[in-house]
Structure formats: C-alpha cells, structure tokens
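K.L.:
Pasting a structure here, questions to come.
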Amino acid sequence: MQTPSDRHEYPAHWEADVVLRDGGTARVRPITVDDAERLVSFYEQVSDESKYYRFFAPYPRLSAKDVHRFTHHDFVDRVGLAATVGGEFIATVRYDRIGAGGTPAPAPADEAEVAFLVQDVHQGRGVASALLEHIAAVARERGIRRFAAEVLPANNKMIKVFMDAGYTQKRSFEDGVVRLEFDLEPTERSLAVQYAREHRAEARSVQRLLQPGSVAVIGAGRTPGGVGRSILGNVRDAGYTGRLYAVNRAFPEDQKELDGVPACRSVRDIAGPVDLAVVTVPAEHAPAVVTECGEHGVQGLVVISAGYADSGPEGRERQRALVRQARTYGMRIIGPNAFGIINTSPDVRLNASLAPEMPRPGRIGLFAQSGAIGIALLSRLHRRGGGVTGVTGVSTFVSSGNRADVSGNDVLQYWYDDPETDVALMYLESIGNPRKFTRLARRTAAAKPLVVVQGARHGGVAPQGHAVRATRLPHATVSALLRQAGVIRVDTITDLVDAGLLLARQPLPAGPRVSVLGNSESLGLLTYDACLSEGLRPHPPLDLTTAASADDFHAALSRALADDTCDAVVVTAIPAVGEGPAGDAALAEALRSAAAAVPTKPVLVVHVELGGLAQALSAAASTAPQAAPSTAPRAAFSPPEEAPPAAPAQPPPPVRAPEGTHLIPAYPAAERAVRALARAVAYAQWRRDAADPGKVPEYEDIDEKGAAARIAGHLARGQGLTLGAQETCDLLGGYGVHVHRALPAPTPDDAAAAARTLGYPVALKATAPHLRHRADLGGVRLDLADEEQLRRAYGELTGLFGTPAELRPVVQGMAPRGVDTVVRAVIDPAAGAVLSFGLAGAATQLLGDMAHRLIPVTDRDATSLIRSIRTAPLLFGWRGSAPVDAAALEELLLRVSRLVDDHPEVVAVTLEPVVVAPRGLSVLGASVRLAPPPARDDLGPRTLPAY
2 MQTPSDRHEY
12 PAHWEADVVL
22 RDGGTARVRP
32 ITVDDAERLV
42 SFYEQVSDES
52 KYYRFFAPYP
62 RLSAKDVHRF
72 THHDFVDRVG
82 LAATVGGEFI
92 ATVRYDRIGA
102 GGTPAPAPAD
112 EAEVAFLVQD
122 VHQGRGVASA
132 LLEHIAAVAR
142 ERGIRRFAAE
152 VLPANNKMIK
162 VFMDAGYTQK
172 RSFEDGVVRL
182 EFDLEPTERS
192 LAVQYAREHR
202 AEARSVQRLL
212 QPGSVAVIGA
222 GRTPGGVGRS
232 ILGNVRDAGY
242 TGRLYAVNRA
252 FPEDQKELDG
262 VPACRSVRDI
272 AGPVDLAVVT
282 VPAEHAPAVV
292 TECGEHGVQG
302 LVVISAGYAD
312 SGPEGRERQR
322 ALVRQARTYG
332 MRIIGPNAFG
342 IINTSPDVRL
352 NASLAPEMPR
362 PGRIGLFAQS
372 GAIGIALLSR
382 LHRRGGGVTG
392 VTGVSTFVSS
402 GNRADVSGND
412 VLQYWYDDPE
422 TDVALMYLES
432 IGNPRKFTRL
442 ARRTAAAKPL
452 VVVQGARHGG
462 VAPQGHAVRA
472 TRLPHATVSA
482 LLRQAGVIRV
492 DTITDLVDAG
502 LLLARQPLPA
512 GPRVSVLGNS
522 ESLGLLTYDA
532 CLSEGLRPHP
542 PLDLTTAASA
552 DDFHAALSRA
562 LADDTCDAVV
572 VTAIPAVGEG
582 PAGDAALAEA
592 LRSAAAAVPT
602 KPVLVVHVEL
612 GGLAQALSAA
622 ASTAPQAAPS
632 TAPRAAFSPP
642 EEAPPAAPAQ
652 PPPPVRAPEG
662 THLIPAYPAA
672 ERAVRALARA
682 VAYAQWRRDA
692 ADPGKVPEYE
702 DIDEKGAAAR
712 IAGHLARGQG
722 LTLGAQETCD
732 LLGGYGVHVH
742 RALPAPTPDD
752 AAAAARTLGY
762 PVALKATAPH
772 LRHRADLGGV
782 RLDLADEEQL
792 RRAYGELTGL
802 FGTPAELRPV
812 VQGMAPRGVD
822 TVVRAVIDPA
832 AGAVLSFGLA
842 GAATQLLGDM
852 AHRLIPVTDR
862 DATSLIRSIR
872 TAPLLFGWRG
882 SAPVDAAALE
892 ELLLRVSRLV
902 DDHPEVVAVT
912 LEPVVVAPRG
922 LSVLGASVRL
932 APPPARDDLG
942 PRTLPAY
C-alpha cells in the first residue's frame, strides 16, 4: 500500500500511465516507503555496467541506508518516481534539491540534481525519456526551474536522453564527468520532441493491435454459434496470415483443435507468443482472462464483450478495473463492447470483428465508436465499392465501442504513418480530448484527408460508456474549430462515404470553378444549381443531348479538362435507349480515357439508374471486386447454420488498378456529388492556406510583465473574479486595447459633471444586466449635445426602467459611427483557448453567426476570422456603405489573442460593442474574468487518460 512519506501527503495526481516507444504501456508513480522490497528486487536485475554508470563505481547491492534514502521522500525537496510493469519496477528517477554549492537545500532554491536507472532489458523502450518528462513536471510544480545531471562520458544512452529532450542546455566536462544543466521551462523544441515521441509510441501501440503475428480468440464456443465462434470463423475465413488459436476454459483436456484451428483451455497453454487476444467471455470472467494474458506477454486486447460502462454505474466500475488491470501488464485495449478490428493488407488479412465478410482492400481507413454505424459504413463501402463507383475498399477498420483506452486520437497517430491509408473516415460520438484531437487532426489533414461525422451532437451528454471531459463550448463552435484544423466535417454517414470515395479516387481541385456536361439538360441544370448552393462557381452546363455517343462524351470531357478556367468536371448521364451493357462499357471507357489524359483535375459522374455504367466504370479502371467468400453471408450477430470448413478459405488477391489510375466516382443524385466536390474544394484551399499559416505578430507597446503583475495582484484576492471597470481598462491597456472611457452617473448632477469631463456630445447608457447591450430595449440615448438633452434623457430612462440604482447609468463620449461588433475569448477546459468574433445585435445572436479560431491567432487567422461570418458583407461596403477599417479590427483580435495566450489566468474576455468605423475603432464595453489557469495536459508530460 502506498502511504505518505515524511512531510507531505502522497501526491496521487503524479500517477500516470504512459505509452512507451515500442507501443507497450507502463505505470509511473511516486516511490514510497512501502517499495523497499520492490526496489531491492529491481536493483538485483540491473547489470553491473548500468550500476557503475549510475554510481560511478562498482555497486553490487544497495545497503539498508541506501534503501531508506531511495524510498523516503518528502515529495518537495526529494522526489523519486518509478516506472512499473506488472507491479514491479523497471526504471527509477529521483531528484534532490540543491543550493548554489551543490549541497542539499530547501526552497526557495530552484535547482535539483537528477539521476536515472533503467533495467537493461527495458533500455531502448523510451522509459527514461518518459520519466524525464514526468520528473520535470513534478519539479516545476515544486518550484524547481533547472536540473543538473552528472554522467560518465561512456554513458552515451543517458547523455542522449538529456540532449534529445529539447530543453535549453549547458554542457561542461570536469574531473572525468560530463555535467549537464538545463532549464525545465517547456520550449518550442521540447514540445516538438514530446509530440514526436507521443506520436511514435501511440502509432506503434495501434500497429501492434492491427498487425499481430498471432491471435487468440478467447471464448470461442464448443458448438456452432455465439460471438466467439463467429469471430474465430471470420478470422480464419479472411485468410489471416499469422498464427490463430481458439481458447475456451470449457474445452475438454483432450481437444486439440476447433474448426481446424489449434485449441487450448488457457492462453498459458499456448507454446508460442500471442500478440493479440480477442476477448468474448462475459464481463465477470474477464479479470481472470486479462491476468492470464498479461502473464503470458500478450501485447493487446480487443474486448468484444458488453456489460461494462454501457450497462450502468456498476459496469463503469468494472470497465475502470479492466483498464487498470490491462495497463498493469503493459497492454492496450480496444473496447469493451467493440465490434472489432479489420486489416485488409495482404500481409495480414485480419478480420477480428463481427463482420461476416472481409471488406475489399483499399485506401480508406475507417474508425467508428458505434458498432451499428461501423456495420453501416462497411456495408455502404462494400456496395458502392463493388459496383456503383468502382472498386474502393478499406485499409483498416477499428470499432472502439466504449473507447475505454484506444481512441480516435491513437488511430489518427497510426494512420498518419500508414502507407496503406490515403483517406481517413471517422464516426465519433464523443471527443475525449478536443485539444489533442485538433492538434493531431491538423497534422493529419496536412498529409491526407480526414472526414468526420459526429453523432450525439444535440444530446448534451456523452453516450453511455464514454468517459469524456466536459466542454462549455456549443457543438457549432467545436465544429468550427475542427474545420479550422483541416477536418472535413459532414453531417451524415452518407456524406461521409460520398466525400471519402471522391477523396480516395480523385486529385484535389485547384479551385471552385466547375464545368458541367451531360446528355440531360434538366440534370445539368440541377447540378448547376447545386454548385451555386454550395458556393462553387459553375460554368453554364453543356447539353450534349440524348443523342450523344460515347465519342461525344469523350470529346466534351477532354475539352473541359483542357480549359484553364475549369478546376473540376461533373458529368451527368441518363440511360440511352436500347444500347444496353455495350453502350455503358463504351461510355465508361470514354470517360476514363479522357480523365486519364488530365490526371490533375477531378471528374465526377452523376448517373440515373445506370448500374451497367457503374460496373463498366469499375472495369474501365482495370479493377475487379474481391471474390465472394465460399460460405454464405450471415448476420453479424447470428451464428452460422453449420460449422465453418476445416481449412481456411484463401481469397484471391485483389486486382489493383494500374499505378496512377484515378477511379471515377459516380453518384445517384446531383446534390450528393456536388456536396462532396464542395468539401474537396474547401479542403484543398485549407491545404494551400496551411502551407503558409501566417505568424503571431509582436507589438512593442505590449507590457507583458506589467500585466502579469496586475493579474497576480488581483488573484491574490481570490480564486476567481471579474475585474472592475478601471481594473479591466488598465489590464487591457497594457496590451494596447483601449476602452472608451465611461463614467458612472448615479444622479442627474453626476451625469452632467461626467459629460463636462468627457465633452459633448455624449451617450447615456443603462448598464444593468438585463439592459446591457440591448439598445433595442431603449436603454441607450445617443448624440446628447448639451446638458439639457442629457437631463431630459436621464429622466426618460429612469421613468421607463426604474431608479438609477436599478439602471446603473453611465455617461460615455460619442464614438465615430460604424458597425457594432463583438470580440470574445474564453479558455475552455477541454478545447483550450478560443477567440470568437461576430456582429453585435439580436439578429446575429438569433442566427448564431459567430466565427471562431484557436488561440494563438496568426495574422492570416485574424484576416479570415472577420470574413468567416455570414454577415461579413456589412463590414465591406454592403449596399454602398463605407467599408470599415479591417486592419484595425484584425489588430484588435491579435492583441486580445496575445493577452489570453500570454496569461492563461485570463479565462474570459468580452469586448462589446466594438464599433468599427471607416477609420479606426472604439471599444465601448469590456469585461475580463481571471481564475487560476486550467491544467494544460498538452504542455505536461505524456499520459494516457486516467482511469
């Protein structure tokens, strides 16, 4: 049992699970007085050479004094962390706070000496690098700003750990020892190193699940039927290239095989290694199975069984225990309540899922948190990929179920490197870490398209079984932030498949200009209208008439593709009377050959009941669907009518399209084709913009230190507070944001005195919460030219709305007329810091017309932000009005972004209204809220979600 040591309570929040370089996991936790035996056992398994590198001398065993020293910590000046697997130490790290002379010292000394020891068998797994991240975070929390380490010159591995960490370092050599000193403040390079290590580790952990060398299906029934027996048959029938085992404790001791697959009563009875275990036993029997798998060295689990968090509070506790138990042994979990996983690579051919048929191999990666939606996606791609639009299949498929461990973030890490995946399609019901997902999505989208549909958008709560952090941001805001990160957001799984097929088959368009041609004038006009509705720029449709031959289509498509004012072509086609399959084949070859001559522009086909043409398009691309399995298709959750054959059915290898061939996608409706094209156009523009993201400008008049001092002084008064008017003006003024002065007017005489101070003309405003920013209610009087008008207006307001104490009136100098806007910034605990912009007023609030960007905002972000709202034309001379000073507005956005980015204690800023005139702008109202900054898990050490 872990107990407090010396002075301070045990810091449970330092405990964390981490993914190591090879994809396995380890537990990082503080070392306590109860770890003496573990420490001694750990030390006995370290080689003499590693001990020499640690202590600079032969040190065969730890003395009782050493054990006491290394297990008794105050968790402030002396801290030790251990990495554990299976409850046993595999590595340790400790720091001791030191003073200027290198001797032990208490705070406020801000330097510490750090030292590591890693078991030889675990060296090279990235354990020391992970421990360095965690001990550095602990040290920063305890007020330590710098580490020092002394290393023997021959200890190249440890020197490399320090040198590769990315911190600002100083290196010296004295008395035969290398001394390294480095600051612990995260740098751009240290964060880049951390993210790169996170990427390699998480991608590798998913690779171990999707590319196993051996699979055990645990819970395969003795009689036909049942989930386990069905999955065993699916793995076997797909032609899995690795070793497959059936495991069931109920097997007779003399049973050696099941359906031609080696059978065992326990994983322990399998002679060789097992990389992946597919667990189908009831939830109450899972703990014993996980223990057996962990002790046998299984690398990962796919838990198909339900009865966990999907079944209520008791099941949620069972799920937490499952994850904790698996991580104890270094295993990762897909599920529980998962549909399974699929890898169509010819080197793997794994169908460890409830899908009765192996999908066609292809270039699309699929991730679904719902088994039902996973079935729908596989089914639609199977139908569309096998006839309607040519052969397009799946590279990998992951159904995460309750998503207790492996999530969409992990799969994104894998797909980013996977050469077999060109397009990623994801169905998400919850996003556990939006900040991380956005970061990974931005990087992935820069290399390959990422299309996402989010379910449960309007439910307000996460689906049962999903443990996610709360976000205060509305779904529309989260969607806008995802689009900013390059994610192609769609609303239905139909749109998901439509967009995925286009992006997997065709090049990205260079712009929004579209040529429409075909043999139906009506279908062409529908396509033209759909293009306009989606914001594309279509040319007038070219009607080839119903008499058009295949050669006519070829010539028209060739001319359109050769036109420099055309970026994409939509071909519309209706059946020709009496031509039949031969005509379909001729038309398909005509379109394919014309498109192949200009492979840089996308071509789409809108067809009406042209099954023959769709099949011909497939054949024209020199591809063919995978042969159907020899066994009859069966329901995913239903047992087969009889036992599968004893020998695996080996499917023939797929016939691939020639290198460089683009398959032409076909759609049954014009609006679906155009919608997919519009998303490809927007994504292509994002890719071009992402190549030059802009920069965060520096402003010489920003007083960052002064603002930090003000914030610290305010927070000393309390944990969270909204600043007063003058405090708000002072803080914003330090960042060059000047709020138009407003003076309180509790009486008519005070109002007159304020007006004399400010100078006429003035405005009189009620600032009570129910009247603030509600000019439509009559709580504002503008352009008051003298004291007589001011006093009259004061009497009108108090007569209409109540006493001055209720109204809280203020007097403010008149600002130049312009367009009223609102600027907001908020730090969301899940998504991070977000900057929002829109026009002020009830109409905008009703329409929800706000645009959003993640902070820090670049100059390009600011430019696009003010142009992203639907009412943006009002800023740029709509109906003859004078355009506003867009440059001044962009600068204001950048300054607010800098304030929030520099000072995470600023958790909310609202500037309303901001009147933007043809020259300059005026901030007429402002509020700022301060609070201790929320934890930034993206800046801290790498960790898996806590369970």
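All residue numbers for the sequence shown refer to our numbering, where the first residue is 2 and numbers rise by one. Cβ coordinates follow ideal geometry from the N, Cα and C atoms, glycine included. Source: prediction; values computed, not measured.
(1) Are the Cβ atoms of P542 and I489 separated by less than 8 Å?
(2) Should F90 and R39 be called a contact, given that it needs their Cβ atoms to be closer than 8 Å?
(3) According to DSSP, what are the bridge partners of N352?
(4) Starting from V479, follow the alpha helix (DSSP H) in both directions and report where the run begins and ends.
(5) Assuming V303 and A339 form a contact by the criterion Cβ under 8 Å, report the distance between their Cβ atoms to the nearest whole angstrom.
(6) Just to confirm my understanding: we take A138, look at its own chain, exclude 5 residues before and 5 after, and list those with CB closer than 6 Å. What are they?
(7) Within the continuous beta strand (DSSP E) that includes Y246, where are the two ends?
(8) Could you have a look at Y96 and say whether DSSP puts it in helix, strand or coil?
(9) Using the rule of at least 16 other Cβ atoms within 10 Å of the residue's Cβ for burial, across every protein chain shown, is A373 buried or exposed?
(10) On the premise that A202 lies in contact with V20, defined as a C-beta separation below 8 Å, what is that separation, rounded to the nearest angstrom?
(11) For P652, does the count of other Cβ atoms within 10 angstroms reach 16, so buried, or fall short, so exposed?
(12) Let me check understanding here. Comparing Cα to Cα, which of D564, D544, G512, L744 lies closest to E522?
(13) Alpha carbon to alpha carbon, how far is E293 from G229? Give it in angstroms, no decimals.
(14) Pull up the distance between the alpha-carbon of Y736 and that of A726, whole angstroms please.
(15) Helix, strand or coil for V599, going by three-state DSSP, please let me know.
(16) Please name the residue in P154, P187, F148 whose C-alpha comes closest to that of K171.
(17) For R381, which of Y11, Y60, A356, V498 has the nearest alpha-carbon?
(18) With a threshold of 8 Å on Cβ separation, who are the neighbours of D731 within its own chain once the five nearest residues in sequence on each side are excluded?
(19) Which same chain residues end up closer than 6 Å to E114 when comparing Cβ atoms and leaving out the 5 residues on each side of it in sequence?
(20) In the DSSP assignment, what are the bridge partners of V118?
(21) Buried or exposed: V122, going by 16 or more other Cβ atoms within 10 Å of its Cβ?
(22) Name, in chain order, the residues that DSSP records as bridge partners for G438.
(23) Report all residues from its chain with a CB closer than 6 Å to the CB of G721; omit the five preceding and five following residues, and keep chain order.
(24) Should the stretch 475-492 be called in touch with the stretch 524-539, which here means at least 3 C-beta pairs below 8 Å?
(25) Considering only DSSP beta bridges, list what L605 is partnered with.
(26) Is M159 helix, strand or coil when you go by DSSP?
(27) Quick one: any contact between the stretch 834-842 and the stretch 794-806, if contact means 3 or more CB pairs under 8 Å?
(28) Please report the distance separating the alpha-carbon of P61 from that of K52.
(29) What ranges does the alpha helix (DSSP H) occupy inside the stretch 685-727, keeping only unbroken runs of at least 4 residues that lie completely in it?
(30) Between the alpha carbons of A1014 and P225, how many angstroms are there, rounded?
(31) Who pairs with S928 in a beta bridge, going by DSSP?
(32) Inspect the CB distances between the stretch 174-193 and the stretch 396-416 and report whether three or more fall short of 8 Å.
(33) Closest to V607 by C-alpha separation, out of A671, A549, L355, would be which residue?
(34) Need the endpoints of the alpha helix (DSSP H) that L53 sits in, please.
(35) Using DSSP's beta-bridge definition, name the partner residues of E285.
(36) By Cβ distance, which residues of its chain are closer than 8 Å to H14, with the 5 residues on each side in sequence left out?
P.N.:
In this structure, then:
(1) No, these two residues do not count as a Cβ contact at 8 Å.
(2) Going by C-beta atoms, F90 is nearer than 8 Å to R39.
(3) I343
(4) Residues 476-485.
(5) 6 Å
(6) G941, P942
(7) 244-248
(8) strand
(9) exposed
(10) 4 Å
(11) With a pLDDT of 39 at P652, under the threshold of 50, the predicted position of this residue should be treated as unreliable, though the coordinate-derived value follows. So P652 ends up on the buried side.
(12) Here the closest residue by C-alpha is D544.
(13) 18 Å
(14) Distance from the CA of Y736 to the CA of A726, rounded to the nearest whole angstrom, comes to 16 Å.
(15) coil
(16) F148
(17) Out of Y11, Y60, A356, V498, the CA that lies nearest to the CA of R381 is found in V498.
(18) R711
(19) D97, I99, A149
(20) Just to set this straight, residue 118 is Leu in the shown sequence, not Val. The partner list for L118 (beta bridge, DSSP) reads T93.
(21) Counting Cβ neighbours within 10 Å, V122 comes out exposed, since fewer than 16 surround it.
(22) The sequence given here has Phe at residue 438, not Gly. According to DSSP, which records beta bridges pairwise, F438 is partnered with nothing at all.
(23) A932
(24) no
(25) V571
(26) helix
(27) no
(28) 7 Å
(29) 705-716
(30) Nothing in the structure corresponds to residue 1014, since the chain is present only between 2 and 948.
(31) Beta-bridge pairing links S928 to T911.
(32) no
(33) Among A671, A549, L355, the Cα nearest to that of V607 is on A671.
(34) Rather than Leu, the amino acid found at residue 53 in this sequence is Tyr. Y53 -> alpha helix (DSSP H) spans 49-56.
(35) E285 is not bridged to any residue.
(36) none
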